[in-house]
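**Student:**
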Amino acid sequence: MSNMIQAAREQVAQLTQAAYEKAAAEGLLPAGVEVKATIEIPKDPTHGDYASSFAMAGAKALHKAPRQIAQTIVDHLDLAGTFFDKVEIAGPGFLNFTLGSKWYGQVLTDIQAEGNTYGKVDEGKGEKVMVEFVSANPTGPMHIGNARGGVLGDALAAVMERAGYDVWREFYVNDAGNQIHKFAVSIDARYLQLVLGEENHPFPEDGYHGDDIKELAQAFYDQHGPDWKDKPEEERQAAMAQYGLSVNIPKMKADLLRYKIQYDEWFLESTLHDSGYVAETVGMLADKGWTYEKDGALWLNTTALLKQKFLAEGKSQEQVDKLDLKDDVLRRANGFYTYFAADIAYHRNKLEKRGFSKAINIWGADHHGHVARLQAALDGLGLDGSHRLVVVLMQLVNLLQDGQPVRMSKRSGKAIALRDLLDEVSVDAARFFFNSRSSTSALDFDLDLAVRQDSDNPVYYVQYAHARICSLVSRLAEEGALVPDAAAVDAALFETAEEKALIKTLSQLPETIRLSARDYDPSHVNRYLITLAGDFHRFYNACRIKGEETHVLSARLKLADTVRAVIANCLGLIGVTAPEKM
4 MSNMIQAARE QVAQLTQAAY EKAAAEGLLP AGVEVKATIE IPKDPTHGDY ASSFAMAGAK
64 ALHKAPRQIA QTIVDHLDLA GTFFDKVEIA GPGFLNFTLG SKWYGQVLTD IQAEGNTYGK
124 VDEGKGEKVM VEFVSANPTG PMHIGNARGG VLGDALAAVM ERAGYDVWRE FYVNDAGNQI
184 HKFAVSIDAR YLQLVLGEEN HPFPEDGYHG DDIKELAQAF YDQHGPDWKD KPEEERQAAM
244 AQYGLSVNIP KMKADLLRYK IQYDEWFLES TLHDSGYVAE TVGMLADKGW TYEKDGALWL
304 NTTALLKQKF LAEGKSQEQV DKLDLKDDVL RRANGFYTYF AADIAYHRNK LEKRGFSKAI
364 NIWGADHHGH VARLQAALDG LGLDGSHRLV VVLMQLVNLL QDGQPVRMSK RSGKAIALRD
424 LLDEVSVDAA RFFFNSRSST SALDFDLDLA VRQDSDNPVY YVQYAHARIC SLVSRLAEEG
484 ALVPDAAAVD AALFETAEEK ALIKTLSQLP ETIRLSARDY DPSHVNRYLI TLAGDFHRFY
544 NACRIKGEET HVLSARLKLA DTVRAVIANC LGLIGVTAPE KM
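In structure tokens, the structure reads:
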């Protein structure tokens, strides 16, 4: 796994340490001193490519002025065969190292060798994690908020795999509880209206009023006729729920497949209830003393669990006492378990039964109040939910057209459905735009910009860079100039600032992957792609390829083709195509 930025940083540390030891052996510096220096990449490349603080960090222990130490280190450095051409002393004693052709050539060689796996790091070390995302209620079509969560979860799973984690993708289907009961009652009411007439059967005020409910009722009527009106209400509504789910869940799967999202499992909430797992989980909380009964219901002492959690995280007793904490019902007086009880059981299933070291959930920001409560409940079960349950909160999407907010579908007069959005913009544009900012930021999705074919559209800008290189490679191949093997390229020919900047950006992908996994933020990849495309366009405009001497043409062609490969690699990571023509 190549990480040439880290390799250069490590070599700076090794070189300075070797120079220090050589100087100490000659009696020029005190021996046996451990110097903890920082090695940074200066923002201004005129200050070198890597800067070591060795001289300043060691000044006190070495009993010499930093610049004097720095000069002694420089006098004893041996750069032969290393990544660096020169070292200069700057400011109070910084050692500024400048990269040489060996490093630039090695970047291209490593990218060629690693192919589509380039950028892979081993931060995860095979750790088994689950990413649960979308998990929209199956009571209606998926909407615009699900579109952002879908891409965020799918891209996060992909970058975590590239970062060395063993990743499982899951959709949690809420096919039990109050929402499904309301779903069934709504379909049943519309069915009875079809049979008896709308004026003869009222529709519940808190029911689902969408046209999709009417369509389900009509389809049920078409299949079964009017005779179900005579069935017992409980039996009829159970059938309505099952029928509605049998239609809606495949539609959800089809919409997500069109959106290039597939899961390892669609996990049904009902299985937790049917197997007794919810009851067992609630029983475990009771056995541990975290529950109590009141008004016929069983309650979780969420207040005590949260106080324990917040104190462990460093809040003071005074701060905790000021919080407005509330307990939660786990089992209602009628014997039915709440959604919260099922949620605790589901996450116990993830962490304990299936053995995931972390459960990562993508939730809308409106669920923020639920995060600490669920983590605390898992803490109460001894599962360390405070650290093993990671919730990525996602801010709202503002859909814009002609500079104005769009909240309703022109076709249905309702909230924009995912399938409606994908009829307006390409899957590529939707996936790129929804992953273009951190989940913590609200996102303005400009429908007009998403369909434009110019450099203002970020996905077009990146894809155009890829297509431009494909065209270049194809044209030159027709003239007999083929992309060379990296080992055949003389990296000393990369002399311009544009060439060096481009290769440095290519080298940053492993660090981009590491940060994406660390921050649970795959939008790092989008920003990297835009930077890489920009650096390529600058290189292409400044450095002629066609018509240059053979060795220069060959080197620059290899650099361009390497950019093509990395753009395709990264676009694939976030589920966007890399077209060869545009």
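Plus 3 on top of the position in the sequence shown (first one is 1) and you've got our numbering. Think of the CB as a built atom: it goes at the ideal place given N, C-alpha and C, for glycine as much as any other residue.
1. Which partner residues does Ala420 have in the DSSP bridge list?
2. Just grab the DSSP bridge partners of Thr85 for me.
3. Once the 5 residues before and after Glu126 are set aside, which same chain residues still bring their CB inside 6 Å of it?
4. Return the chain-ordered ranges of every alpha helix (DSSP H) run that is complete within the segment 18-90 and spans a minimum of 4 residues.
5. Does Lys584 come out as helix, strand or coil in the three-state DSSP assignment?
6. Go to Phe206, then tell me how far its beta strand (DSSP E) extends in each direction, as first and last residue.
7. Pick helix, strand or coil for Pro461, following the three-state DSSP scheme.
8. When you compare each of Trp293, Val124 and Phe435 to Ala150 by their alpha carbons, which one comes out closest?
9. At the level of alpha carbons, what is the spacing between Leu421 and Glu13?
10. Between the alpha carbons of Lys105 and Leu111, how many angstroms are there, rounded?
11. Taking Ala586 as the reference, which of Ala179, Tyr211, Asp215 and Gln196 has the closest Cα?
12. Smallest Cα separation from Leu512: which of Asn572, Gln221 and Leu560?
13. Which value, in whole angstroms, describes the spacing of the CA atoms of Met255 and Ala139?
14. Short of 6 Å in beta carbon distance, which residues of its chain neighbour Asn529, apart from the five on each side in sequence? Order them along the chain.
15. Can you give me the C-alpha to C-alpha distance between Tyr295 and Leu402, rounded to a whole angstrom?
16. Beta strand (DSSP E) containing Leu403: first to last residue?
17. How many Å lie between Ala344 and Asp331 at the Cα?
18. Under 8 Å, do Gly148 and Leu259 count as touching if we go by C-beta distance?
19. So for Ile92, helix, strand or coil by DSSP?
20. Given a threshold of 16 other Cβ atoms within 10 Å of its Cβ, counted over all protein chains shown, does Thr499 qualify as buried or as exposed?
21. If you draw a straight line from the C-alpha of Leu155 to the C-alpha of His527, how long is it?
22. CB Arg172 to CB Val124, shorter than 8 Å?
23. With a cut-off of 8 Å on the beta carbons, I'd call Pro141 and Ile216 a contact; round off their distance for me.
24. Could you say if the segment 176-192 and the segment 267-276 meet the contact criterion of at least three C-beta pairs nearer than 8 Å?
25. Have a look at His390, Gln456, Glu502 and Asp451 and flag the residue whose alpha-carbon is nearest the alpha-carbon of Met585.
26. Give the list of continuous alpha helix (DSSP H) stretches no shorter than 4 residues that lie fully inside the segment 89-139.
27. Along the chain, where does the beta strand (DSSP E) that runs through Asn6 open and close?
28. Who are the near neighbours of Val382 in its chain, counting only those whose CB is closer than 8 Å to its CB and skipping five residues on each side?
29. Assuming Glu502 contacts Arg541 under a Cβ cut-off of 8 Å, what Cβ separation, rounded to an integer in Å, is found between them?
30. Does the distance between the C-beta of Leu275 and the nearest non-hydrogen atom of the ligand HEM fall short of 7 Å?
31. Based on DSSP bridge pairs, tell me the residues matched to Asp169.
32. If you draw a straight line from the alpha carbon of Tyr349 to that of Asn364, how long is it in whole angstroms?
33. What residue from Pro144, Glu117, Ala27 and Val400 has the CA that sits closest to Ser510's CA?
34. Looking at Met243 and Tyr194, is the spacing between their C-beta atoms short of 8 Å?
35. Considering only the beta carbon of each residue, do Ala418 and Leu424 sit closer than 8 Å?
36. Let me check one thing: in DSSP terms, what residues is Asp449 bridge-paired to?
**Tutor:** Taking the geometry as given:
1. Within the sequence shown, the letter at position 417 stands for residue 420. Answer by DSSP bridge pairing, in chain order: His146.
2. Counting from one through the sequence shown, the residue named residue 85 turns up at place 82. DSSP output for Thr85 lists no bridge partner at all.
3. Numbered from 1 along the sequence shown, position 123 holds the residue referred to as residue 126. Taken in chain order, the residues that qualify are Ala166, Gly167, Arg517 and Ala520.
4. Segments of the alpha helix (DSSP H) lying fully in the segment 18-90: 57-60, 62-65 and 69-78.
5. In the sequence shown, residue 584 corresponds to position 581, counting from 1. It is coil, neither helix nor strand.
6. Here the question's residue 206 lines up with position 203 in the sequence shown. Per DSSP, Phe206 belongs to no beta strand (DSSP E) and is neither H nor E.
7. Stepping through the sequence shown from its first residue, residue 461 is reached at position 458. Residue state for Pro461 is assigned as helix, using DSSP reduced to three classes.
8. Reading the sequence shown from its first residue, position 147 is the one you call residue 150. Cα-wise, what sits closest to Ala150 is Phe435.
9. Looking up residue 421 in the sequence shown gives position 418. Looking up residue 13 in the sequence shown gives position 10. Linking Leu421 to Glu13 through their CA atoms gives a straight-line distance of about 47 Å.
10. Translated into the one-based positions of the sequence shown, residue 105 becomes position 102. Translated into the one-based positions of the sequence shown, residue 111 becomes position 108. Each residue's alpha carbon lies about 10 Å from the other.
11. Missing from the structure shown is residue 586; the chain here goes from 4 to 585 and no further.
12. Counting from one through the sequence shown, the residue named residue 512 turns up at place 509. Sorting Asn572, Gln221 and Leu560 by C-alpha distance to the C-alpha of Leu512 places Asn572 at the top.
13. Residue numbering aside, residue 255 sits at position 252 when the sequence shown is read from its first letter. Residue numbering aside, residue 139 sits at position 136 when the sequence shown is read from its first letter. In a straight line, the C-alpha of Met255 is about 9 Å away from that of Ala139.
14. Numbered from its first residue, the sequence shown carries residue 529 at position 526. Listed in chain order, the non-local C-beta contacts of Asn529 below 6 Å within the same chain comprise Asn438 and Ser439, local neighbours out to five positions each way being set aside.
15. Along the sequence shown, one-based indexing puts residue 295 at 292. Along the sequence shown, one-based indexing puts residue 402 at 399. Straight-line spacing of the CA atoms in Tyr295 and Leu402 works out to 46 Å.
16. As a working note, residue 403 is residue 400 in the sequence shown. For Leu403, the uninterrupted beta strand (DSSP E) segment begins and ends at Val400 to Gln404.
17. Here residue 344 is taken as the residue at index 341 of the sequence shown, counted from 1. Here residue 331 is taken as the residue at index 328 of the sequence shown, counted from 1. The alpha-carbon atoms of Ala344 and Asp331 are separated by roughly 9 Å.
18. Translated into positions along the sequence shown, residue 148 becomes position 145. Translated into positions along the sequence shown, residue 259 becomes position 256. No; because the gap between Cβ atoms is not below 8 Å, this pair is not in contact.
19. To locate residue 92, count along the sequence shown from 1; it is residue 89. Three-state result, Ile92: strand.
20. Reading the sequence shown from its first residue, position 496 is the one you call residue 499. With fewer than 16 other Cβ atoms inside 10 Å of its own Cβ, Thr499 counts as exposed.
21. Within the sequence shown, numbered from 1, the residue matching residue 155 stands at position 152. Within the sequence shown, numbered from 1, the residue matching residue 527 stands at position 524. Their Cα atoms are separated by approximately 12 Å.
22. As a first step, residue 172 is located in the sequence shown; it is residue number 169 there, counting from the start. As a first step, residue 124 is located in the sequence shown; it is residue number 121 there, counting from the start. Arg172 is not a Cβ neighbour of Val124, given a cutoff of 8 Å.
23. Taking the first residue of the sequence shown as 1, we reach residue 141 at position 138. Taking the first residue of the sequence shown as 1, we reach residue 216 at position 213. About 13 Å; that fails the 8 Å criterion.
24. They touch, by the three-pair rule.
25. Residue 585 sits at position 582 when you count from the first residue of the sequence shown. Considering only alpha carbons, the answer is Gln456.
26. Every unbroken stretch of the alpha helix (DSSP H) spanning 4 or more residues and falling wholly within the segment 89-139 is given here in chain order: 104-117.
27. As a working note, residue 6 is residue 3 in the sequence shown. Counting along the chain, Asn6 falls outside any beta strand (DSSP E), and DSSP gives it neither H nor E.
28. Residue mapping note: residue 382 aligns to position 379 of the sequence shown, counting from 1. A quick correction: the sequence has Asp, not Val, at residue 382. The residues Leu308, Gln311, Lys312, Gly388 and Ser389, in chain order, have a CB closer than 8 Å to that of Asp382 in the same chain once the five nearest residues on each side in sequence are set aside.
29. Position 499 of the sequence shown, counting from 1, holds the residue named residue 502. Position 538 of the sequence shown, counting from 1, holds the residue named residue 541. Not a contact, Cβ separation roughly 10 Å.
30. In the structure on display, the ligand HEM does not appear, and there are no ligands present to speak of.
31. Locating residue 169 in the sequence shown gives position 166, where the first residue counts as 1. Note: Asp169 is bridge-paired with Lys131 in the DSSP secondary-structure output.
32. Position 346 of the sequence shown holds residue 349. Position 361 of the sequence shown holds residue 364. Answer to the nearest angstrom: the Cα atoms are 12 Å apart.
33. Start at 1 with the first residue of the sequence shown, and residue 510 comes out as number 507. Per the Cα distances, Glu117.
34. Here residue 194 refers to the residue found at position 191 when the sequence shown is read from its first residue. Here residue 243 refers to the residue found at position 240 when the sequence shown is read from its first residue. The Cβ atoms of Tyr194 and Met243 lie closer than 8 Å to each other.
35. If you number the sequence shown from 1, residue 418 lands on position 415. If you number the sequence shown from 1, residue 424 lands on position 421. The criterion of a C-beta distance shorter than 8 Å is not satisfied by Ala418 and Leu424.
36. In the sequence shown, residue 449 corresponds to position 446, counting from 1. Answer is Leu403, bridged to Asp449.
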